[in-house]
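Take a look at the structure below.
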Amino acid sequence: MNYARFLTAVSAARKPSPIRMLTEIQQRSPPSMISLAAGAPNPNTFPFQSCSIQVKNGDMLTFDETMMKRALQYSSSSGIPELLTWMKNLQKNLHNPPTANYSAEKGQMDMCVTTGSQEGLCKVFEMLVNPGDNVLLDAPTYSGTLAALQPLGCNLINVPSDQHGMIPGGLKEVLSRWDPADVHKPHSTVPRVLYTIPNGGNPTGASMTTQRKREVYELARQYDLLIIEDDPYYFLQFDKPWAPTFLSMDVDGRIIRTDSFSKILSSGLRIGFVTGPKPLVDRVVLHIQASTMHTSTFTQLMVSQLLHGWGQEGFLNHIDGVIEFYRTQRDAMLSSADKWLKDVAEWHSPAAGMFLWIKVKGVADTQKLIMEKAMEKEVLLVPGGVFMINSSDPCSYVRAAFSLSTPQQIDEAFKRLSALIKESL
Ligand SMILES: Cc1ncc(COP(=O)(O)O)c(C=O)c1O
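As numbered in the UniProt record's numbering, residues 1 to 425 make up the sequence shown, in order.
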């Protein structure tokens with residue numbers, strides 16, 4: 001693939017930071033190397049000495065003095081090597097990406113650590129999206145994506161979707177405005193980027209079927225699109241086997257995948273990953289060099305020690321426990337929805353994630369109902385409009401999360417919501 005055609009002028013202009021390169025050389029060097037190069041502070045002056053963190057299974061993560069000095073120091077912009085290696089092995093085992101053994105220029109699978117997947121997404125958009133570009137996505141979509149994309153001045157084009165995610169026929173129809181023969185012409189307006197959340201969509205809870213992914217991938221090939229696969233709920237799929245990912249189908253090197261540890265290990269530690277063709281991951285890393293420099297070394301070491309201690313099996317066992325929790329929560333929400341909302345609303349049972357997307361019957365726009373009336377009755381929900389490309393368009397949906405509240409609280413919340421809806425009809 002010709003990756004240069006996808007880059008914005010800003011991204012193409014990014015150059016490696018000479019200081020950051022020296023830091024990386026220094027970190028790979030034996031202790032015999034005398035470095036007068038890097039401007040790193042001397043960790044002997046830092047007030048922290050050591051720490052130990054108790055894991056719930058009884059294990060201890062221990063940072064002795066040497067490890068602590070490393071944890072408190074600058075580190076590589078792409079992520080600390082031991083975490084990256086662990087994650088690359090996991091990606092290969094889970095997705096078996098066809099690109100794993102490609103040459104770098106052909107789009108070899110590469111990865112970098114990001115400060116949550118949000119940082120990865122934001123940097124990927126900045127790398128690919130110019131003002132005026134046509135960008136495809138299936139709205140309603142994650143408000144954080146809209147917040148990152150809209151200021152770039154692009155034209156967001158909605159691709160029809162349902163409870164099984166983006167509809168390939170709908171995408172085909174949208175793309176039929178353009179001729180595939182025009183894709184590589186100068187000043188072509190053919191979209192170059194398609195964004196989707198393939199599992200447990202935020203806010204819709206929708207999960208894409210394998211067949212739909214295959215068809216969307218084929219259309220992406222026809223129109224030479226990059227697909228951004230934003231998959232923070234991959235590990236929260238309630239049924240096994242987990243659906244094959246776009247990454248697993250990526251024979252061309254056109255998938256950029258964002259993963260997140262927020263929903264399974266910690267949201268506050270801020271660890272996410274970008275996986276994609278090396279020429280593009282390199283550009284994201286150049287952006288990191290110039291912005292945050294790297295994700296916290298401390299949190300990366302903490303997570304890395306945990307993962308190395310667990311091994312892949314231990315990690316997946318932990319995930320099974322997380323899934324069980326969310327499945328029980330989902331079922332509790334579904335049964336409360338059945339009990340209180342059956343006459344006034346509609347929904348689909350989500351196969352992944354933490355959201356129920358509820359269509360309120362007979363209410364054209366839920367903004368006032370949720371932001372004024374429900375709040376007065378002490379129930380917090382999100383009015384669906386915030387997930388729309390044009391947030392002021394009326395929207396009859398609300399998003400309810402089953403992550404934090406107890407089944408009793410969920411039941412009480414739906415009881416109050418049901419009364420409010422009935423009052424407003
Ligand atoms: C679809 C989607 N993408 C990305 C993110 C960002 O997650 P984080 O930055 O915590 O990894 C979220 C968070 O809720 C999300 O729902």
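From the three backbone atoms N, C-alpha and C, an ideal C-beta is built for every residue, glycine too.
C-alpha gap between residue i and residue j, whole angstroms
i      : j      : result
ARG254 : PRO16  : 24 Å
VAL251 : TRP340 : 48 Å
ALA104 : GLN91  : 17 Å
THR295 : ILE256 : 19 Å
THR297 : GLY353 : 29 Å
VAL135 : MET333 : 34 Å
GLN26  : MET60  : 30 Å
LYS368 : MET87  : 44 Å
ASN155 : THR23  : 40 Å
VAL10  : SER424 : 50 Å
LEU247 : MET33  : 40 Å
MET302 : ALA351 : 31 Å
LEU72  : ALA4   : 37 Å
ASN44  : CYS51  : 15 Å
SER266 : LEU146 : 24 Å
Paired residues, beta bridge with residue i - DSSP
i      : result
VAL379 : According to DSSP, which records beta bridges pairwise, VAL379 is partnered with nothing at all.
ARG28  : Beta-bridge pairing links ARG28 to no other residue.
TYR397 : LYS359
THR275 : MET111, ARG257
MET60  : GLN54
Cβ-based burial, residue i [other Cβ within 10 Å; buried from 16]
i      : result
MET21  : exposed
PHE402 : buried
PHE387 : buried
THR66  : exposed
GLU313 : exposed
VAL12  : One point to set straight first is that residue 12 is Ala, not Val, in the sequence displayed. Classification of ALA12: exposed, given that the 10 Å Cβ count is below 16.
PHE63  : buried
Residue i Cβ short of 7 Å to ligand 1 heavy atom set
i      : result
ASN93  : no
ASP138 : no
SER267 : yes
ILE197 : yes
SER262 : yes
TYR142 : yes
ASP411 : no
LEU121 : yes
PRO279 : no
SER117 : yes
ASN81  : Before going further, note that residue 81 is Pro rather than Asn in the sequence given. No, the beta carbon of PRO81 sits no closer than 7 Å to any heavy atom of ligand 1.
ASP59  : no
GLY384 : no
PRO232 : yes
Integer Cβ distance of residue i from residue j, believed to fall under 8 Å
i      : j      : result
HIS348 : GLN163 : 4 Å
ALA220 : ILE228 : That pair is no contact at about 11 Å.
LEU128 : MET111 : With 8 Å as the limit, LEU128 and MET111 do not qualify as a contact, their Cβ atoms being about 18 Å apart.
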